[in-house]
Amino acid sequence: AQSVSQHNHHVILSEAASLELGCNYSYGGTVNLFWYVQYPGQHLQLLLKYFSGDPLVKGIKGFEAEFIKSKFSFNLRKPSVQWSDTAEYFCAVNSYFGGYNKLIFGAGTRLAVHP
Amino acid sequence: KAGVTQTPRYLIKTRGQQVTLSCSPISGHRSVSWYQQTPGQGLQFLFEYFSETQRNKGNFPGRFSGRQFSNSRSEMNVSTLELGDSALYLCASSGRTRGTTDTQYFGPGTRLTVL
Chain A
-10 AQSVSQHNHH
0 VILSEAASLE
10 LGCNYSYGGT
20 VNLFWYVQYP
30 GQHLQLLLKY
40 FSGDPLVKGI
50 KGFEAEFIKS
60 KFSFNLRKPS
70 VQWSDTAEYF
80 CAVNSYFGGY
90 NKLIFGAGTR
100 LAVHP
Chain B
480 KAGVTQTPRY
490 LIKTRGQQVT
500 LSCSPISGHR
510 SVSWYQQTPG
520 QGLQFLFEYF
530 SETQRNKGNF
540 PGRFSGRQFS
550 NSRSEMNVST
560 LELGDSALYL
570 CASSGRTRGT
580 TDTQYFGPGT
590 RLTVL
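So the protein sequences, as listed, match chains A and B. Per the working numbering, residue -10 is the first one in the first sequence, and the count goes up by one each step. Per the working numbering, residue 480 is the first one in the second sequence, and the count goes up by one each step.
See below:
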């Protein structure tokens, strides 16, 4: 069965620190990859997505992610975090084998940024 | 452009009752997916509808069902509620074209509490 693994469940950083959140998935075929963010009290919002093309994708609020097919990874990065980045981050995979529009989510990473 | 809307936002029920949740997708979207979010299990796929047809179903008991109307609005129903059904139920819309995967946009969710 498909699965998505997020390596860190809780991350605590100070403002201006760099961020990298790991995401690995288990499926060898064609995949679409997503990072969603859930700010406290708000709904899931799309940060960025990869469908095809350049494996380095840029999203909103200065986030970027790199798709490395050989490592089945799609890690999220931000060079300098802000207090407002405090949220829960979810990696998700949608595979053609799994069927259309069926997202498999990782367990999420809670990020706390201290001023 | 209006986003995905879900009603009601909060719901309290007792064990054994049934509940119906509603989702209105983004205008023009034809695919509606439902997810259950709990602290223990994370985000889990329930089912997906496209043009009034269920295309995918997750690993949930038959007490969980759904439907989609001709205007793409969707409802999900949970019968014989159990305490473990307490969760945030999220609806996501996507897909203007049959046979493609697309980005899913999430609504704010319905918080269901079963007492």
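Glycine is no exception: its CB is placed at the ideal position from the N, C-alpha and C atoms. Note that the coordinates shown come from a computational prediction; the quantities given were computed from them, not determined experimentally.
Worksheet entry | Buried or exposed by the 16-neighbour rule on C-beta atoms within 10 Å, applied to Ser573 (chain B) | buried
Item to complete: Ignore the nearest five residues each way along the sequence and tell me which others in Arg542 (chain B)'s own chain have a CB closer than 7 angstroms to its CB.
Response: Val557, Ser558, Thr559
Discussion item. Quick check on the DSSP output: the beta strand (DSSP E) that includes Leu65 (chain A) runs from which residue to which?
Written reply: 62 to 67
Practice prompt. With a cut-off of 8 angstroms on the beta carbons, I'd call Leu49 (chain A) and Leu36 (chain A) a contact; round off their distance for me.
Written response: This sequence places Ile at residue 49 (chain A); Leu is not what is there. About 6 angstroms separates the two Cβ atoms, so the contact holds.
Worksheet item: From A:Val(-7), A:Leu8, A:Ser(-6), pick the residue whose C-alpha is nearest to that of Val0 (chain A); which is it?
Response: A:Leu8
Discussion item. For a cutoff of 7 angstroms on Cβ pairs, would you count Ser503 (chain B) as touching chain A?
Written reply: no
Worksheet item: Closest by CA to Val46 (chain A), which one among A:Asn13, A:Trp24, A:Gln(-9)?
Response: A:Trp24
Item to complete: Please list the segments of the beta strand (DSSP E) lying wholly inside the region 520 to 552 of chain B, counting only runs of 3 or more residues, in order along the chain.
Response: 521 to 529, 532 to 536, 543 to 547
Worksheet item: Hey, Ala101 (chain A) and Tyr28 (chain A): beta-carbon distance below 7 angstroms or not?
Response: no
Discussion item. When you compare the CB of Ala101 (chain A) with every CB in chain B, is at least one pair closer than 7 angstroms?
Written reply: no
Worksheet item: For the candidate residues B:Leu567, B:Gly495, B:Ser512, whose alpha-carbon lies nearest to that of Tyr528 (chain B)?
Response: B:Ser512
Worksheet item: Considering only the beta carbon of each residue, do Phe61 (chain A) and Asn13 (chain A) sit closer than 7 angstroms?
Response: yes
Discussion item. At the level of alpha carbons, what is the spacing between Ser551 (chain B) and Glu531 (chain B)?
Written reply: 7 angstroms
Fill in: Interface residues of chain A facing Ser573 (chain B) [CB-CB closer than 7 angstroms]
Asn90
Worksheet item: Excluding the five sequence neighbours on either side, which residues of its own chain have a C-beta within less than 7 angstroms of the C-beta of Glu55 (chain A), listed in chain order?
Response: Pro44, Leu45, Asn64
Practice prompt. Give a yes or no on whether 7 angstroms exceeds the smallest Cβ distance from Ala96 (chain A) to chain B.
Written response: yes
Worksheet entry | As assigned by DSSP and simplified to three states, the class of Lys38 (chain A) | strand
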